[in-house]
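Our numbering numbers the first residue of the sequence shown as 5 and each following residue consecutively. For glycine and all other residues, C-beta sits at the position ideal for the given N, C-alpha and C.
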Amino acid sequence: MDIEKMISEMTLEEKASLLSGADFWHTKAVERLGIPAVMVSDGPHGLRKQDEAADHLGVNESIKAVCFPAASATAASFDRDITGKIGESLGDACQHEGVSVVLGPAVNIKRSPLCGRNFEYFSEDPFLAGELAAALIKGVQSREVGTSIKHFAGNSQEHRRMSSDSVIDERTLREIYLPAFEKAVKVAKPWTVMCSYNRLNGEYASENRRLLTDILRDEWGFDGFVMSDWGAVSDRVKGVAAGMDLEMPGSDGSNDRRVVEAVRRGDLKEEDVDTCVRRILKIVDRWISNRKPDTAWDLEAQHALAAEMAADCMVLLKNEDDVLPLSKEEKVAVIGLFAEKPRYQGGGSSHINSCKVESLVDALKEYPCVTYARGYGVDSEEIDEELMKEAVLAASKADKAVIVGGLPDSFESEGYDRTHMRMPLCQNKLIDEVSRVNPNTVVVLYNGSPVEMPWIGSVKGVIEAYLGGQAVGAATRDILYGLVSPSGRLPETFPRKLEDNPSFLSYGGEGNTAVYTEGIFVGYRYYGRKKMDVLFPFGYGLSYTDFSYGNLVLSKKSIIDSEELTVSVDVTNRGNCAGKEVVQLYVGAPAGDVFRPVRELKGFEKIFLEPGETKTVSITLDKRAFAYWNVKIHDWFVASGDYSIEIGRNSRDIALCSTVSVTGSVEEPLDPVTPDTIYLDLQKNKKAMQVFAPMLDGIAEAFGGGQDEEQGEAASEAISSDMLEAMQRYMPLRGIASFSGAMSYDELVEVSKRINEEV
Ligand code: BGC
Numbered sequence: 005m006d007i008e009k010m011i012s013e014m015t016l017e018e019k020a021s022l023l024s025g026a027d028f029w030h031t032k033a034v035e036r037l038g039i040p041a042v043m044v045s046d047g048p049h050g051l052r053k054q055d056e057a058a059d060h061l062g063v064n065e066s067i068k069a070v071c072f073p074a075a076s077a078t079a080a081s082f083d084r085d086i087t088g089k090i091g092e093s094l095g096d097a098c099q100h101e102g103v104s105v106v107l108g109p110a111v112n113i114k115r116s117p118l119c120g121r122n123f124e125y126f127s128e129d130p131f132l133a134g135e136l137a138a139a140l141i142k143g144v145q146s147r148e149v150g151t152s153i154k155h156f157a158g159n160s161q162e163h164r165r166m167s168s169d170s171v172i173d174e175r176t177l178r179e180i181y182l183p184a185f186e187k188a189v190k191v192a193k194p195w196t197v198m199c200s201y202n203r204l205n206g207e208y209a210s211e212n213r214r215l216l217t218d219i220l221r222d223e224w225g226f227d228g229f230v231m232s233d234w235g236a237v238s239d240r241v242k243g244v245a246a247g248m249d250l251e252m253p254g255s256d257g258s259n260d261r262r263v264v265e266a267v268r269r270g271d272l273k274e275e276d277v278d279t280c281v282r283r284i285l286k287i288v289d290r291w292i293s294n295r296k297p298d299t300a301w302d303l304e305a306q307h308a309l310a311a312e313m314a315a316d317c318m319v320l321l322k323n324e325d326d327v328l329p330l331s332k333e334e335k336v337a338v339i340g341l342f343a344e345k346p347r348y349q350g351g352g353s354s355h356i357n358s359c360k361v362e363s364l365v366d367a368l369k370e371y372p373c374v375t376y377a378r379g380y381g382v383d384s385e386e387i388d389e390e391l392m393k394e395a396v397l398a399a400s401k402a403d404k405a406v407i408v409g410g411l412p413d414s415f416e417s418e419g420y421d422r423t424h425m426r427m428p429l430c431q432n433k434l435i436d437e438v439s440r441v442n443p444n445t446v447v448v449l450y451n452g453s454p455v456e457m458p459w460i461g462s463v464k465g466v467i468e469a470y471l472g473g474q475a476v477g478a479a480t481r482d483i484l485y486g487l488v489s490p491s492g493r494l495p496e497t498f499p500r501k502l503e504d505n506p507s508f509l510s511y512g513g514e515g516n517t518a519v520y521t522e523g524i525f526v527g528y529r530y531y532g533r534k535k536m537d538v539l540f541p542f543g544y545g546l547s548y549t550d551f552s553y554g555n556l557v558l559s560k561k562s563i564i565d566s567e568e569l570t571v572s573v574d575v576t577n578r579g580n581c582a583g584k585e586v587v588q589l590y591v592g593a594p595a596g597d598v599f600r601p602v603r604e605l606k607g608f609e610k611i612f613l614e615p616g617e618t619k620t621v622s623i624t625l626d627k628r629a630f631a632y633w634n635v636k637i638h639d640w641f642v643a644s645g646d647y648s649i650e651i652g653r654n655s656r657d658i659a660l661c662s663t664v665s666v667t668g669s670v671e672e673p674l675d676p677v678t679p680d681t682i683y684l685d686l687q688k689n690k691k692a693m694q695v696f697a698p699m700l701d702g703i704a705e706a707f708g709g710g711q712d713e714e715q716g717e718a719a720s721e722a723i724s725s726d727m728l729e730a731m732q733r734y735m736p737l738r739g740i741a742s743f744s745g746a747m748s749y750d751e752l753v754e755v756s757k758r759i760n761e762e763v
């Protein structure tokens with residue numbers, strides 16, 4: 005396609021028309037110039053291609069496809085490879101079906117367990133979310149199919165989702181809510197980005213130039229096009245100037261007309277319209293030039309892959325007395341409707357029309373010692389006495405009871421947030437009753453977000469399976485019976501109760517304003533700083549085998565922040581079965597002027613080890629592993645000092661630790677000196693210290709340091725030396741004028757000004 009020629013031959017109306025969708029899932033064509041319409045479709049844990057009636061809420065059917073584990077589950081795999089494989093499978097499906105861009109991955113941060121869409125999001129941790137998003141994008145795009153990383157940005161609630169204003173301070177935005185996008189954009193180069201519904205600091209994401217142009221393009225180098233979330237456009241003209249290229253699904257031509265009129269009036273530059281057209285056509289061209297319609301889409305093979313992946317995502321949370329794995333000879337009572345009709349994906353736009361669903365009951369057909377009882381009804385909290393009785397009876401006759409529960413669809417969905425973290429009453433009661441008659445009770449959870457577990461002390465085993473996709477039954481069987489050793493790790497903290505969550509007091513916001521009051525202290529960054537007891541920490545997960553760590557080696561003892569540091573560690577499988585371990589590398593910053601979390605995840609690797617096998621894992625850290633966002637310089641900044649390098653089994657259990665001394669290569673700019681500058685802050689400024697320190701010291705002496713013995717004693721009765729020191733530390737320069745007379749206020753202003761000019 006000769007894009008420049010096409011643009012030069014297009015009328016303004018034709019150009020404006022290209023800036024919105026033709027219908028729910030297609031861009032517009034300009035037949036006269038041979039510009040085709042291309043299709044986009046939802047995902048991203050499967051393909052949701054709607055052939056007929058279209059909607060963005062998962063109401064109408066889409067074509068049959070394979071439903072892979074949802075992002076909440078894939079995040080628990082901590083595995084870039086399997087996430088990448090989902091991407092490749094999805095890419096194949098898109099080539100086969102003629103879909104140019106799959107709408108995902110969704111990388112919004114899990115600020116609260118209440119967000120209705122948490123099941124679609126990866127993590128409370130931006131590093132993990134960014135790494136996995138990049139892997140998924142690379143996988144899809146390796147098939148020459150585009151992705152649309154979403155929802156950009158600050159979209160961590162569903163409440164008032166189309167109008168809410170996420171008020172997020174600069175540092176928090178840079179350290180928590182943007183890095184997953186940043187990593188994916190820089191490393192995996194998604195073809196498109198989808199802007200979110202919400203406002204960010206007062207401005208809709210769809211018209212936010214700072215976000216869509218200054219940060220996304222100018223800083224991160226994004227070279228694709230931005231599309232709106234479905235119906236996220238308010239002021240289209242402002243959006244075009246801001247860098248929001250494609251409005252989806254469109255506005256029946258009215259916004260196209262507004263764009264034309266704005267250009268004619270001189271309120272919008274035609275070159276801004278051209279820029280949007282150019283970006284869209286570049287992607288259209290990329291798609292049509294790389295079409296592979298003959299790509300095979302093998303649903304059976306993908307189903308098998310989905311089963312393998314789901315098993316890798318499951319997190320073993322509790323395994324008292326090695327109640328798991330089960331053996332085929334044991335009598336096992338499988339209980340719970342989800343064992344027969346699993347909840348394996350979430351509701352809304354990501355809903356896949358699965359080509360088949362394999363439940364745990366299906367997967368256990370050949371297992372002779374297994375019975376099944378339903379235990380509870382769907383979508384209702386109500387206790388069904390008959391079902392309960394039947395389940396308790398079955399459990400009492402079995403060696404072990406496995407209850408499959410979790411959250412029904414109505415408890416978590418796109419479009420609204422949860423109001424509590426509880427499981428349905430009937431399930432909690434069932435677990436209580438069953439565990440009373442069977443001491444070997446195991447709970448398997450199918451849910452997209454953390455739940456409270458009031459029964460945790462009365463069951464021996466818990467598996468968090470998240471929403472494992474259509475092959476979840478086979479995967480659950482493989483974990484329960486030890487065909488696969490569990491290797492998932494929690495990508496989020498499970499607090500003991502909702503009130504413990506750092507966003508509890510402000511989540512959802514007041515009216516349309518949602519202030520992210522907890523700042524950077526999201527998830528484990530908060531619980532860790534508070535030393536708060538949690539149900540299960542970020543990164544937590546057990547295995548059927550044992551791993552030991554040793555030989556932590558840092559490539560250097562000290563570095564300048566522009567240098568890389570390689571950290572290596574040996575991991576040995578000391579148990580009797582093969583298994584995978586997630587090596588987690590955390591970095592802890594030295595104490596300093598700014599608040600920092602105790603530790604932050606800065607690297608991870610998942611490895612497979614046979615019994616007795618040892619592997620060395622190496623992880624390379626760069627400047628970002630040590631940096632925080634400095635609001636004075638509006639950039640990443642490394643404070644010089646000793647950083648701890650920690651290898652953790654999870655965020656609260658550090659196996660090995662070492663230290664590296666890091667020297668920051670950028671100096672923080674000095675604050676200007678004024679009469680209000682206090683002694684403590686003055687110490688960063690050599691010049692100012694030379695001039696003012698003697699005068700300030702003089703004040704301290706006058707207050708108690710320098711008197712004769714008798715006076716000194718009298719003073720020390722009234723003022724402790726700590727207080728004197730504090731008084732000196734916090735004394736502003738204007739104290740010189742007030743207490744010593746060594747300089748007048750005007751002289752202080754004058755001298756400060758001179759010092760500032762010299763610096
Ligand atoms: C969702 C997006 C989705 C789009 C198209 C919106 O409501 O927020 O994630 O891709 O609909 O279905």
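Opposite residue i in the DSSP bridges: which residues?
{"i": "CYS199", "result": "PHE156 and SER232"}
{"i": "GLN588", "result": "PHE608 and GLY652"}
{"i": "LYS242", "result": "None, per the DSSP bridge assignment."}
{"i": "ASP46", "result": "ARG52 and LEU107"}
{"i": "PRO736", "result": "ILE682"}
{"i": "LYS619", "result": "VAL575"}
{"i": "GLU468", "result": "VAL319 and LEU449"}
{"i": "GLY583", "result": "LEU613"}
Would you say residue i reaches chain B, if we count a Cβ-Cβ gap shorter than 8 Å as a contact?
{"i": "VAL149", "result": "Any reference to chain B falls outside this structure, which holds one protein chain only."}
Sorry if obvious, but does the Cβ on residue i come closer than 7 Å to a heavy atom of ligand 1?
{"i": "ASP233", "result": "yes"}
{"i": "ASP46", "result": "yes"}
{"i": "ALA110", "result": "yes"}
{"i": "SER353", "result": "yes"}
{"i": "LYS53", "result": "no"}
{"i": "LYS154", "result": "yes"}
{"i": "LEU107", "result": "yes"}
{"i": "HIS638", "result": "no"}
{"i": "HIS60", "result": "yes"}
Assuming contact is defined by CB atoms lying nearer than 8 Å, are residue i and residue j in contact in what I supplied?
{"i": "SER566", "j": "SER644", "result": "no"}
{"i": "THR663", "j": "ILE564", "result": "no"}
{"i": "ASP233", "j": "HIS155", "result": "yes"}
{"i": "PHE123", "j": "ALA137", "result": "no"}
{"i": "PRO130", "j": "ILE113", "result": "yes"}
{"i": "LEU543", "j": "GLN588", "result": "Looking at the sequence shown, residue 543 is not Leu but Gly. Contact: yes."}
{"i": "VAL476", "j": "ASP482", "result": "no"}
{"i": "ARG600", "j": "TYR632", "result": "yes"}
{"i": "ALA26", "j": "HIS49", "result": "no"}
{"i": "ASN451", "j": "LEU411", "result": "yes"}
{"i": "VAL277", "j": "VAL267", "result": "yes"}
Helix, strand or coil for residue i per DSSP?
{"i": "ASP436", "result": "helix"}
{"i": "PHE608", "result": "strand"}
{"i": "CYS71", "result": "coil"}
{"i": "HIS30", "result": "strand"}
{"i": "ALA57", "result": "coil"}
{"i": "LYS404", "result": "strand"}
{"i": "TRP633", "result": "strand"}
{"i": "PHE131", "result": "helix"}
{"i": "LEU765", "result": "Absent from the structure is residue 765, since the part of the chain shown begins at 5 and ends at 763."}
{"i": "ASN323", "result": "strand"}
{"i": "ILE284", "result": "helix"}
{"i": "LEU625", "result": "strand"}
{"i": "ASN577", "result": "strand"}
{"i": "ARG164", "result": "coil"}
{"i": "CYS359", "result": "coil"}
{"i": "ILE658", "result": "strand"}
{"i": "LEU16", "result": "helix"}
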